[in-house]
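Heads up: the structure comes next, in structure tokens.
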Amino acid sequence: MAIRTDVVRIYRQVHTWTGILTGLILFVCFYAGALTMFKEPLERWITPPVEVTPATLDRAEELVAATRALRPEVRDFTLAVEPALAGEAPLRLTWTEERFDPAPWAATLAPDGNVAVEQLNPSGIGLLVDFLHRTVGIPGDLDIGTTVTGVASALYVVALVSGVIILLPSLVKDFLILRVTRNIKRLWLDAHNVLGLISLPFHIVIALTAVVFGLHDHIYDTLDRVVYGGQMRQVAAASSPFRTVSKDMGPAVMLPPKEFLARAHTLAPGFHPISLEYHDAGTGAATVRVWGHDPRYLVRREGFVLMGAVDGRIIDTQYMPGHQNGWSATVSAIFALHFGTFGGGIVRWSYFLLGLAGAALFYTGNLLWIESRRRTERQAKGQRSGGPVEQSRSTRLLAAGTVGVCLGCVGALSLTIASGKWLNGLVDDLHAWHWGIYYAAFLGACAWAFLRGAPRAGVELLWACVAATAAIPATSLLGLVLPGPWVSDGLIGVDLVALAGALAFAAMARSAERRARSGPRDSVWSAPQSGAEAGPEPRLHAPPLANPAE
Amino acid sequence: MTAAPAASVSKTPTPIRPDWWSKTLAGVILGFLLAIALAGLFSWIGPGGPSAVNKLQLIMWMVAPIWLGVVSACFLFRSGRQAWLWLGCATVLAHTALLAARSPLLH
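Residue numbers (UniProt numbering), protein chains in the order written: chain A, 1 to 550; chain B, 1 to 107.
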């Protein structure tokens, strides 16, 4: 396809700048995002198995009533239906004090009818991975981190469009070709193009949705002023599922939990309920949201039907798969496309692999820029091709930053997952420990990369990633012989994926080592030579950095 | 709106000026205002009117693709001046249309 060369040249610059500005942020978002596809298995891998006999919902009504009597101020709580029926967790009511509270409160029923209330101390690894995915780990208010990822995602959309434009002229000739030759830059470019092209639809969906997730508050504010004349809150309130619920806060008797499930089944027989979420329980305004899945529809993580808890009437179905109007269903479908909550296991695994491939895309993108700098600097210094080039300071810094951030994120996540199983039960606030370990390892890796320089740190941090990731299956193996850790039933997949990851990192470490030793001497990846370990070729032409005007 | 300058460019051999700052600012600022106006137009004159249940959410979702489409395409303008001119006209036009669409419905 013919595109004017000046257009291609301009878009190559657009692609370079948007890519360099966002590559590292997007790497963390994608790597953590890939892990969010399996955050429940990760959470269970870290949690010691408890002996729970699968419960029935016969005593759920008693549990709700007894908890209400003991803690009348708690009016919003959740009854997890599916985990109790499957024997994964006891029959209990849980509630949190704030929206993203890693340590919820739980009320369970003893055989004698007494209620025990305790604060749970879950690993919350899923919450950590999710926050990392949304904020890149920027501490402080959630809004700051999500705004940063939102802006990065906006640049990422532009990077995608510009990337496709510069690829179009050679698309037919080079389509899906991977040239494994001595020209390493060509190989990286082919790998970058293949990865980008085959996952382009995924990337477009993820990029556009991520912009909205990051910046929706700002877009809504502008819409409110410009389009809705300051009346947007009323428009939104008129769409709320709770819009017709009474404000009656007087005491009222609620229907038993089983009744809500029965009514949800009557409404949608294909709907699998997961949990019941109570709001204003015990009052005349009490409602229950029956949350669940319906594999036949594109749903946000889960859909729900809203019922009156006192009379059991269906109040709202705008979030119930198959019972939405066109606007709601379209928005739900967009959410589902980002979350991968459709199509079952195949889509889940595909999103996991596409997420990892996306991370690789940004890593190779940065490497490409660094390789291209070598040529640019050679031209800038007017050297004959073939002579070694002294790498500039900015190239060295970007190389060190790429290595530190990317490998630091990978290694720190593996380390905090593996150590969760060792620390569980030993520490009071496991979730805070998870964050502490992550930040310490991540910042340590970044510092290490800048102190040691990209070539040496690249190899060393890759081996650190191998060790941290291999620690996951090693912990499970030790669980077979040691009394401390345990083997988690049915979670061999976590160990196998970690093992495969460790092997992949080991292969990368070995090839980085080879390159540092015997790759082109002027590469930013080449190991710095001291007199003793100088390679076979003497460095006759290497210009000193202090004399760049050669 | 980008087709017009692109077509006129193909007749002249002068290459596109980069004009990074002015084009980027035109795309980001005017592109956003244009996207808001177009989404708003759809809200008011599209099916169901502005207060159809949950339509607001989709209106918000429409903004990002339009906005970033404009940002991506704005480097095709011959110069930064052209970008501000064309996108400015389109934005003023779209907002005028939005005001017109809202007026009879504002009680």
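All residues carry an ideal CB built from backbone N, CA and C; glycine is no exception.
Between the alpha carbons of alanine 210 of chain A and valine 410 of chain A lies a distance of about 21 Å.
When secondary structure is reduced to three states using DSSP, histidine 293 of chain A falls in the strand class. Using a CB distance cut-off of 8 Å, glycine 40 of chain B counts as an interface residue toward chain A. In this structure, the straight-line span from the alpha carbon of alanine 498 of chain A to that of arginine 396 of chain A is close to 31 Å.
Think of a sphere of 8 Å around the beta carbon of tryptophan 327 of chain A: the chain B residues whose beta carbon falls inside it are Gly48, Ala52, Val53, Asn54, Lys55, Gln57 and Leu58, in chain order. For tryptophan 95 of chain A, the enclosing beta strand (DSSP E) covers residues 92-95.
In this structure, tyrosine 438 of chain A lies near leucine 128 of chain A, with their beta-carbon atoms less than 8 Å apart.
Exclusion of the five residues before and after glycine 87 of chain A leaves Val52, Thr53 and Pro54 as the residues of its chain whose Cβ lies within less than 7 Å of its Cβ. With contacts defined by Cβ atoms closer than 8 Å, serine 199 of chain A and alanine 357 of chain A form a contacting pair. Rounded to the nearest angstrom, the gap between the Cα atoms of proline 15 of chain B and arginine 9 of chain A is 10 Å. Sequence-distant partners of proline 102 of chain A (beyond 5 residues in either direction) whose C-beta falls short of 6 Å from its own C-beta, in its chain, are Gly124, Leu127 and His431. Unbroken beta strand (DSSP E) stretches of 3 residues or longer found wholly inside the region 222-269 of chain A: none. For the 8 Å CB-CB criterion, leucine 26 of chain A and leucine 189 of chain A do not form a contact. An exposed status is given to methionine 249 of chain A, since fewer than 16 other beta-carbon atoms sit within 10 Å of its beta-carbon. Rounded to the nearest angstrom, the gap between the Cα atoms of aspartate 224 of chain A and alanine 110 of chain A is 51 Å.
Under the Cβ criterion of 8 Å, histidine 431 of chain A is not counted among the residues facing chain B. In terms of CA proximity to phenylalanine 131 of chain A, A:Val28 leads the group A:Val494, A:Gly458 and A:Val28. Residue pairing by DSSP puts alanine 107 of chain A in a beta bridge opposite A:Leu93 and A:Val117. In the displayed model, isoleucine 314 of chain A falls within a strand according to three-state DSSP. Per DSSP, the beta bridge partners of histidine 279 of chain A are A:Thr287. Short of 8 Å from the beta carbon of leucine 120 of chain A, and not among the five residues preceding or following it, lie these beta carbons of its own chain, in chain order: Thr94, Ala103, Pro104, Trp105 and Ala106. Counting only Cβ-Cβ distances below 7 Å, tryptophan 61 of chain B has contacts in chain A at Val212, Val331 and Ile334, in chain order. Ranked by how close their Cα comes to the Cα of glutamate 61 of chain A, the residues A:Pro473, A:Thr475 and A:Gly282 have A:Gly282 in first place.
Going by DSSP, methionine 508 of chain A is part of the alpha helix (DSSP H) stretching over 492-518. In this structure, the beta-carbon distance from phenylalanine 505 of chain A to threonine 469 of chain A falls below 8 Å. Note that the C-beta distance between alanine 527 of chain A and phenylalanine 450 of chain A is not below 8 Å. For valine 71 of chain B, the residues of chain A that pass the 7 Å Cβ criterion are Val158, in the order they occur in the chain. Taking the Cβ atoms as the reference, alanine 236 of chain A lies roughly 6 Å from leucine 56 of chain B, within the contact range of under 8 Å. Excluding residues up to 5 positions away in sequence, Pro48, Pro49 and Gly479 lie with their Cβ nearer than 7 Å to the Cβ of tryptophan 486 of chain A in the same chain. Annotation note: the region 318-361 of chain A contains no uninterrupted beta strand (DSSP E) run of length 3 or greater.
Taking C-beta atoms as the reference points, serine 103 of chain B and valine 227 of chain A fail to come closer than 8 Å. Any Cβ of chain B closer than 8 Å to the Cβ of leucine 368 of chain A would place that residue at the interface, and such an atom is absent.
In the three-state DSSP reduction, leucine 79 of chain A falls in the strand class (E or B). Counting of Cβ neighbours within 10 angstroms places glutamate 40 of chain A among the exposed residues, the total staying below 16.
Its chain contains Leu155 as the residues whose beta carbon lies nearer than 7 Å to that of leucine 21 of chain A, once the 5 sequence neighbours on both sides are disregarded; these appear in chain order. If only complete runs of 4 or more residues are kept, the region 438-492 of chain A shows the alpha helix (DSSP H) at 454-481, in order along the chain.
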